[in-house]
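Take a look at the structure below.
Residue numbers (UniProt numbering): 1 to 176.
Spelled out as structure tokens, the structure:
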């Protein structure tokens with residue numbers, strides 16, 4: 001069961017993962033959590049680094065789709081300035097949102113990657129969907145109240161992951 005939380009890669013910031021690296025791993029689409037992964041939960045505008053990374057993905061023909069547990073109204077408002085497609089009410093840690101997005105694009109499981117900042121939702125959902133995953137450090141150290149419980153449980157899971165997988169380490173990019 002512990003393996004279900006283990007990310008494929010652990011990258012400090014998603015912005016350091018280039019389209020070339022993604023393509024080298026056969027990845028044709030990026031699915032991403034929203035809050036504290038793409039944008040700070042309290043800053044819907046995003047950073048200049050995010051906008052640059054999104055432009056690079058677009059130029060490379062790699063779609064970026066937000067996979068969020070939030071309701072449609074909340075996600076639509078949050079991504080309006082980013083002009084990103086999304087799947088709301090994804091029910092992570094279940095695989096529904098990831099699977100819907102993947103099938104909509106007509107891609108195989110090995111052609112997509114799920115990016116997120118939480119083991120309890122994003123990484124587990126990726127495993128449930130049978131896709132690879134990238135765990136990133138949260139953009140800000142504060143969370144919405146709904147995420148705080150997950151972070152408490154996550155501390156225990158982290159301790160066990162590190163005990164069973166001592167080679168887990170943060171990387172600069174996918175090739176590190």
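By construction, the Cβ of each residue, glycine as well, lies at the ideal position given by its N, Cα and C atoms.
Could you name the residues that DSSP lists as bridge partners for residue 43? The residue labelled residue 43 in the question sits at position 43 within the chain shown. Beta-bridge pairing links residue 43 to 40.
Return helix, strand or coil for residue 54, following the three-state DSSP convention. Taking the first residue of the chain shown as position 1, residue 54 is located at position 54. Residue state, collapsed to three classes: helix.
In the structure shown, what three-state DSSP assignment does residue 29 receive? Sequence index remark: in the chain shown, residue 29 carries index 29 (1-based). In this structure, residue 29 counts as strand in the three-state DSSP scheme.
Using the C-alpha atoms, what's the distance from residue 169 back to residue 106? On the chain shown, residue 106 is found 106 positions in, with the first residue counted as 1. On the chain shown, residue 169 is found 169 positions in, with the first residue counted as 1. C-alpha separation (whole angstroms): 33 Å.
Under the three-state DSSP convention, the category residue 135 falls into: Within the chain shown, the letter at position 135 stands for residue 135. In this structure, residue 135 counts as strand in the three-state DSSP scheme.
In its own chain, which residues sit with a C-beta less than 8 Å from the C-beta of residue 1, not counting the 5 before and 5 after it? For the purposes of this step, residue 1 is identified with residue 1 of the chain shown, where counting begins at 1. Around residue 1: no qualifying Cβ.
Nearest by alpha-carbon distance to residue 133: which of 32, 21 and 166 is it? Counted from its first residue, the chain shown places residue 133 at position 133. If we check each option's Cα against that of residue 133, 32 comes out closest.
Comparing C-alpha positions only, which one of 95, 52 and 174 sits nearest to residue 135? In the chain shown, counting from the first residue as 1, residue 135 sits at position 135. Looking at the Cα atoms, 174 is the closest of the given residues.
I believe residue 127 touches residue 4 by the beta-carbon criterion, under 8 Å. Please report the beta-carbon distance rounded to the nearest angstrom. Here the question's residue 127 lines up with position 127 in the chain shown. Here the question's residue 4 lines up with position 4 in the chain shown. Their Cβ separation, rounded to whole angstroms, is 5 Å, which keeps residue 127 and residue 4 in contact under 8 Å.
Does the segment 57 to 68 come within contact of the segment 24 to 43, defined as at least 3 CB pairs closer than 8 Å? yes
In this structure, what does DSSP give as the bridge partners for residue 112? The residue you call residue 112 lines up with position 112 of the chain shown. 29, per the DSSP bridge assignment.
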